[in-house]
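Structure record follows, encoded as C-alpha cells.
Chains as they are written, first to last, in this note's numbering: chain L, 102 to 215; chain X, 3 to 114.
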C-alpha cells in the first residue's frame, strides 16, 4: 500500500508569492493534518481536516489556509510568503479525527522563500 | 501554554548500550501521548500511542512507559544499534483543538 505522498518535494519561492502544497493520505484515511517544521524544533500544528471539514487550527496567521477534497486529499495554501515561512511542511493522515489515532507522515515539502 | 519538554536534547551512545529519554507534558486534561522516530531524510514514523496511566508498550528493543498523574513518559532502547540513530519525538494533543504539540526531540546517535 502507498504511504502518505506529498508534492512537490522541494520548492523555491520569493517573498510575496503564493504557494500550494499537496498531500494524498493513505487509502481509507479520512483525516489529514498539516505541520510546519523548522530546524531544531518539533513540528508545529497548522490544520486538521476530517471529512472535508476543518477540525483544528494552530496558531498561524490567516495567510495560511487549507482544504480537503472528496477523495480526502488536501492542499495547504500560503499567501504573501515571508522569509520566515521557509520550513519543511509535513502532512500526516490518520483513520479518525481523535488524537488517539496513530498518524502516518509523508516525506514533506521543503519550502525555501528568498 | 501547553509545553511538551524532551530531555536530553541529544545523546551519543556506543553500540550495545541501553539508553532512555524523557518526555514531560501537562498532567491535566490528558488524552494521549505519541512517540515518533524520525530518521534523517525519512518521514516521522509512529512508534507508540499511549492512552492509559501505567501503560507500557514495546516494539522490539524499544519500549515506553507512561505516568499521566505526574506528566511524563520514558522511552527505552535496549542494546542500541547504529540503525537506532534518529530523532525521537513525543507529542501531546492540546484539549479541544486536535492540536498535536510536539517536543523538540531527542537526537540519538549510536556509534558502532
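The beta-carbon is built from N, C-alpha and C at its ideal position, and this holds for glycine as well. It should be emphasised that the depicted structure is a prediction, and the values quoted were computed from it without experimental measurement.
| Check | Outcome |
| --- | --- |
| Can you pull the chain L neighbours of residue 73(X), defined as C-beta to C-beta under 7 angstroms? | What residue 73(X) touches in chain L: nothing, since even the nearest Cβ is about 16 angstroms away. |
| For residue 196(L), which residues in the same chain have their Cβ closer than 6 angstroms to its Cβ, ignoring the five residues on either side in sequence? | 130, 202 |
| Compute the Euclidean distance between the alpha carbons of residue 218(L) and residue 159(L), then round it to the nearest angstrom. | As shown, chain L starts at 102 and ends at 215. That puts residue 218(L) outside it, with no answer to give. |
| Between residue 15(X) and chain L, is any beta-carbon pair separated by less than 8 angstroms? | no |
| Does the contact criterion of 3 or more C-beta pairs under 8 angstroms hold for the stretch 6-18 of chain X versus the stretch 206-213 of chain L? | no |
| So with CB distances below 8 angstroms, who are the chain X contacts of residue 152(L)? | Per Cβ cutoff of 8 angstroms: no residues; residue 152(L) is ~13 angstroms from chain X at best. |
| Who are the near neighbours of residue 64(X) in its chain, counting only those whose CB is closer than 6 angstroms to its CB and skipping five residues on each side? | 79 |
| Identify whether residue 17(X) lies in helix, strand or coil by the three-state DSSP scheme. | coil |
| Is residue 36(X) buried or exposed, if buried means 16 or more other CB atoms sit within 10 Å of its CB? | buried |
| Go ahead and pull the three-state DSSP assignment for residue 114(X). | coil |
| Among 151(L), 198(L), 163(L), 182(L), whose alpha-carbon lies nearest the alpha-carbon of residue 118(L)? | 182(L) |
| What did DSSP end up calling residue 185(L) once you bin it into helix, strand or coil? | helix |
| For residue 190(L) versus residue 137(L), is the C-beta distance shorter than 8 angstroms? | yes |
| Determine the DSSP secondary structure at residue 58(X), reduced to helix, strand or coil. | strand |
| For residue 180(L) versus residue 167(L), is the C-beta distance shorter than 8 angstroms? | no |
| Strictly below 7 angstroms CB to CB, what residues from chain A border residue 29(X)? | Structure shown: chain A not included; protein chains present are L and X. |
| Below 8 angstroms on C-beta distance, what does residue 87(X) contact in chain L? | By Cβ distance, chain L contributes nothing, its closest Cβ being about 18 angstroms from residue 87(X), past 8 angstroms. |
| Using a C-beta to C-beta distance shorter than 8 angstroms, which residues of chain L count as neighbours of residue 51(X)? | 201, 202, 203 |
| What does residue 33(X) reach in chain L if we use C-beta pairs closer than 7 angstroms? | 200, 201 |
| Would you call residue 100(X) buried or exposed, if buried means 16 or more other Cβ atoms sit within 10 Å of its Cβ? | buried |
| I'd like to know whether the C-beta of residue 81(X) is nearer than 8 angstroms to at least one C-beta of chain L. | no |
| Taking 8 angstroms as the CB-CB cut-off, is residue 56(X) touching chain L? | no |
| Taking only beta-carbon atoms, is residue 95(X) less than 8 angstroms away from chain L? | yes |
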